[in-house]
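Enquirer:
Residue numbers (our numbering): 1 to 636.
Printed below as a string of structure tokens:
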């Protein structure tokens, strides 16, 4: 796993490329290089920062040039050995043992038609010196990021947005619609970028930029089409598919570890990895007792210890008790865009600890909830459809008023079910798409608009329309599958994969996600929604498959979230920062946010009337992000 950056047809391309490469040095501390082509027809500069995982020799350093093609590649190809054998049988020759060279030779042989053959995670640039074209490509499910900006008849690109900002910050300005989207979702959908003009190469696509200034963009893997094809076929053998995926994700020339929370997904990955590699160890997190109490958080480490003990896995425990005031600006910088999920801190600190122990690669159970209907929001939306069948007098005259009167804390202890019940009522009566959106976003339309300058209100309607259009862009015929597809297109790449990539790479580690895999994706959507959620049980198909390997105590235990003690942080550690930085910050001072509305959020949280800790954390991170960008010359 690595970092890439470059410029194409830019008169100042070399200095910009070197600046961008330096900014993302954390992504690849093992080697660095820049490939330069200046021949009068094209000016091209490809930079690479290497984290050595496969073929650790210097021969595999990048950019890798061979017979007129040069590649700068960020990724891992899990089926590279099979592809290499196929290419070699057809006459291709190899000078390294790397997957990078396999990608290059596959492109030489098949061009963009190679992309559907790849099983892995990747974002790469290939320069074809014969045609003069630059190609950019990204993996099917958007695991690896790639930002680009069309500029001066060419393009500049990088693995992280901060690289572009470091190079041309004064040329850039923030996108108010994207900032508002970050408030709605607490992350940014793939379709939006926080900087105007900067684009994210869509997952499952490639682009060509030509010397004459023209370009084209093609999609080779469209999740909605693949999901529909899978749903029309027979159900897959989940056990076989998942076991094969975990085994494939272990390919490496360095030791591999896992994240182990003690939940179903991470336990399944860890145990299957252990079956293939007896030397697998694992990392888990714990929290301070006082933080757990206020947040009403379960002690998941108990289950992680049980799994580790039963299957003989060496478990490393890391207590999450950071100086969150000091860590806040660091995590905001690491996350690149305004992402307000504190789970990124957990990932960062675990990866820091793993890297300190010499670990470069970790496996994660991420993606199973999105594909198999494992989130509380999925079950809640199904329950909401049932709730709507109750008489209105019961819903509006009895249940609603009773829930709204519930406090969210009592005697210094968080009341989780009160928070969930209040949340449920915000969407239980809504139509399917609106209910799903409201089940995981921060505000309804009026609440969001009420926080903003009135001139910004039109952005809210546009964001809601974008969500509706994407949600309905499917032919799937069941409720659960439609929610899972929407999550795989928005929530998974926009939040979970994004913060995992940035947090892990900030620690110079690679996180692999065996559930976020084309074959697992197909298998997941071959299973109808009725087999994923039944009664009050979510992710049922995966749980039944897991019975072949895990004890039922782990499989069927209550759902726990990979989160952080936000209420404790907001009420205690961050109290002064909320008052000084948020309530008296740039966003309020400029009029982007309405001070009185923000102050009301803070007051309701501190009084225990509502749980607005997530909203306050997101606004605080957004304020910090905007200050960072302003310092680098970006206009607002």
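Where a beta carbon is used, it is the ideal one built from N, C-alpha and C, also for glycine.
1) Compute the distance between the beta-carbons of residue 24 and residue 114, then report whether it is under 8 angstroms.
2) Checking the sheet assignment: what are the DSSP bridge partners for residue 148?
3) Which whole-angstrom value is the C-beta distance of residue 29 and residue 590, which I expect to be below 8 angstroms?
4) Is the region 149-169 touching the region 7-16, taking contact as three or more C-beta pairs under 8 angstroms?
5) Can you tell me the Cβ-Cβ gap for residue 17 and residue 47, rounded? I've got them flagged as a contact below 8 angstroms.
6) If residue 629 sits next to residue 174, beta carbons under 8 angstroms apart, how far is it from one beta carbon to the other, in whole angstroms?
7) Can the beta-carbon of residue 317 be found less than 8 angstroms from the beta-carbon of residue 270?
8) State the CB to CB distance for the pair residue 120 and residue 73, rounded to an integer number of angstroms; the pair is presumed to be in contact (CB under 8 angstroms).
9) Please specify which runs of the beta strand (DSSP E), each continuous and at least 3 residues long, are wholly inside the region 166-200, giving them in chain order.
10) Quick check on DSSP: helix, strand or coil for residue 74?
11) Would you identify the three-state DSSP class for residue 43, choosing helix, strand or coil?
12) If you count every other CB in all the chains shown that lies within 10 Å of the CB of residue 234, and 16 or more means buried, which is it?
13) Looking at C-alpha atoms only, which residue of 398, 329, 449 is the closest neighbour of residue 627?
14) On the three-state DSSP scale, how would you describe residue 539?
15) Does the beta-carbon of residue 401 have 16 or more other beta-carbons within 10 angstroms, so that it is buried, or is it exposed?
16) What is the residue span of the beta strand (DSSP E) that residue 206 lies within?
17) Between the alpha carbons of residue 460 and residue 75, how many angstroms are there, rounded?
18) I believe residue 259 touches residue 364 by the beta-carbon criterion, under 8 angstroms. Please report the beta-carbon distance rounded to the nearest angstrom.
19) Counting Cβ pairs closer than 8 angstroms, one from the region 171-189 and one from the region 530-546, do we hit at least three?
20) Beta-carbon separation of residue 208 and residue 135 under 8 angstroms?
21) Please name the residue, chosen from 338, 313, 482, that lies closest to residue 372 on a Cα-to-Cα basis.
22) Can you tell me whether residue 66 is helix, strand or coil according to DSSP?
23) Since I believe residue 102 is in contact with residue 83 (beta carbons under 8 angstroms), could you give me their beta-carbon distance rounded to a whole number of angstroms?
24) Roughly how many angstroms lie between the CA atoms of residue 606 and residue 583, to the nearest whole one?
25) My output table needs one value for residue 587: the three-state DSSP class, helix, strand or coil.
26) How is residue 380 classed by DSSP in three states: helix, strand or coil?
27) Going by CA-CA distance only, name the one from 130, 4, 95, 52 that's closest to residue 37.
28) Does the region 350-370 come into contact with the region 496-513, if we say contact requires no fewer than three beta-carbon pairs (one atom in each stretch) closer than 8 angstroms?
29) Near residue 227, what residues of its chain come up, given a Cβ to Cβ distance below 6 angstroms and the 5 sequence neighbours on each side ignored?
30) Mind checking which residues open and close the alpha helix (DSSP H) that includes residue 465?
31) Measure from the alpha carbon of residue 390 to the alpha carbon of each residue in 428, 380, 423, 212, then state which is nearest.
32) Roughly how many angstroms separate the alpha carbons of residue 640 and residue 254, rounded to a whole number?
33) Using a Cβ-Cβ cut-off of 6 angstroms (strictly less than) and excluding sequence neighbours within five positions of residue 122, which residues of its own chain qualify?
34) Please list the terminal residues of the continuous alpha helix (DSSP H) segment that includes residue 373.
35) Which residue's Cα is closest to the Cα of residue 50: 85, 66, 4, 88?
36) When the Cα atoms are used, what is the spatial distance from residue 574 to residue 618?
Expert: Inspection of the coordinates gives the following:
1) no
2) 157, 199
3) Contact doesn't hold; Cβ gap of about 38 angstroms is too wide.
4) yes
5) 5 angstroms
6) 6 angstroms
7) no
8) Going by Cβ atoms, the distance from residue 120 to residue 73 rounds to 10 angstroms, so no, they are not a contact pair.
9) 198-200
10) strand
11) strand
12) exposed
13) 329
14) coil
15) exposed
16) 205-209
17) 36 angstroms
18) 5 angstroms
19) no
20) yes
21) 482
22) strand
23) 5 angstroms
24) 14 angstroms
25) helix
26) helix
27) 130
28) yes
29) 485, 525
30) 457-471
31) 428
32) Past the edges of the chain, shown from 1 to 636, lies residue 640, and the structure says nothing about it.
33) 75, 139, 144
34) Element bounds for residue 373: n/a, residue is neither H nor E.
35) 4
36) 13 angstroms
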